[in-house]
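In UniProt numbering, the protein residues as written are 1 to 248.
Where a beta carbon is used, it is the ideal one built from N, C-alpha and C, also for glycine.
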């Protein structure tokens, strides 16, 4: 009887759930390349072109050196290959980033996914703070050393009112904290999705760390967005159907 390969996520003999195996860095690189190639088939030739181009440039520089041939080959291998790999990895990273944005563009919550790459002590909520359920327009809120940033997702003529409403709410409890409004989209005056994280990180710091912590605590009182409930339904006063529970 053939043995089956044990599942990595299946519980062991003691009943404990096994931890999933950690993914190696080259597995991550390969996954990024596969995604990039699927979105942009020309990425393979571009990466190869960068790799070969850097090797050629280093080779020309090494040939101009006044050293024995053996040292030229050594210099070419020691300097050319690492720099060529570095250039190819940099190209793959940029293409993979572009492919990722292309993949999520137009989907609800794409702005929040892009904001997940922001560094520098920023904190963004996973859920939007304002929603237009009919048009699927969102407003996300982030807090950092530059203050509060409100990021909208949707056409400019629709999301401006959502942004203004949320700005008034924040200004009511935080009158002295800077508030920045950013509209994500492809219209004139809006920030393209691939550039929103960079725009947030360019904001100048105006708060200290203790002040930023106080702002986060104050904003918790505002809460997040609540989906509309049909009229006539009050979930706080709902009662179970006792006859149904008894099977009648």
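Rounded to a whole number of angstroms, what is the C-alpha to C-alpha distance between residue 246 and residue 128? Only weak support is given to the placement of residue 246: the predicted model assigns it a pLDDT of 44, under 50, and the question is left unresolved by the model.
Do the CB positions of residue 114 and residue 31 come within less than 8 angstroms of each other? no
How long is the line joining the alpha carbons of residue 86 and residue 93, rounded to whole angstroms? 10 angstroms
For residue 167, I'd like the list of residues in its chain whose CB is within less than 6 angstroms of its CB, leaving aside the five on either flank, ordered along the chain. 179
From residue 58 to residue 89, what distance separates their C-alpha atoms? 17 angstroms
Since I believe residue 139 is in contact with residue 130 (beta carbons under 8 angstroms), could you give me their beta-carbon distance rounded to a whole number of angstroms? 4 angstroms
I need the straight-line Cα distance from residue 124 to residue 142, nearest angstrom please. 4 angstroms
For residue 215 and residue 120, I'd like the C-alpha separation in whole angstroms. 16 angstroms
Pick out whichever of 148, 202 and 159 has its Cα sitting closest to the Cα of residue 177. 148
Output needed for residue 95: all residues of its chain with C-beta closer than 8 angstroms, excluding positions within five of it in sequence on either side, in chain order. 36, 40, 43, 46 and 47
Should residue 221 be labelled buried (16 or more other beta-carbon atoms within 10 Å of its own) or exposed? exposed
Where does residue 85 fall in DSSP's three states? helix
Take the Cβ of residue 227 as the centre, count every other Cβ of all protein chains shown within 10 Å, and call the residue buried at 16 or more, exposed below. Residue confidence is low: residue 227 scores 46 on pLDDT, short of 50, so the model does not pin down where it sits. Its coordinate-derived value is still stated next. The residue in question, residue 227, is exposed, as its Cβ has fewer than 16 Cβ neighbours within 10 Å.
For residue 188, does the count of other Cβ atoms within 10 angstroms reach 16, so buried, or fall short, so exposed? exposed
Residue(s) in a DSSP beta bridge with residue 143: 123 and 148
Can residue 59 be considered in contact with the ligand ZN, in the sense that its beta carbon sits closer than 7 angstroms to one or more heavy atoms? What this structure holds is no ligand at all, so the ligand ZN is not there to describe.
Is it a yes or a no for the stretch 65-79 touching the stretch 96-107, going by three-plus beta-carbon pairs under 8 angstroms? no
When you compare only the Cα positions, how much space is there between residue 174 and residue 212? 11 angstroms
Between the CA atoms of residue 91 and residue 72 - distance to the nearest angstrom: 27 angstroms
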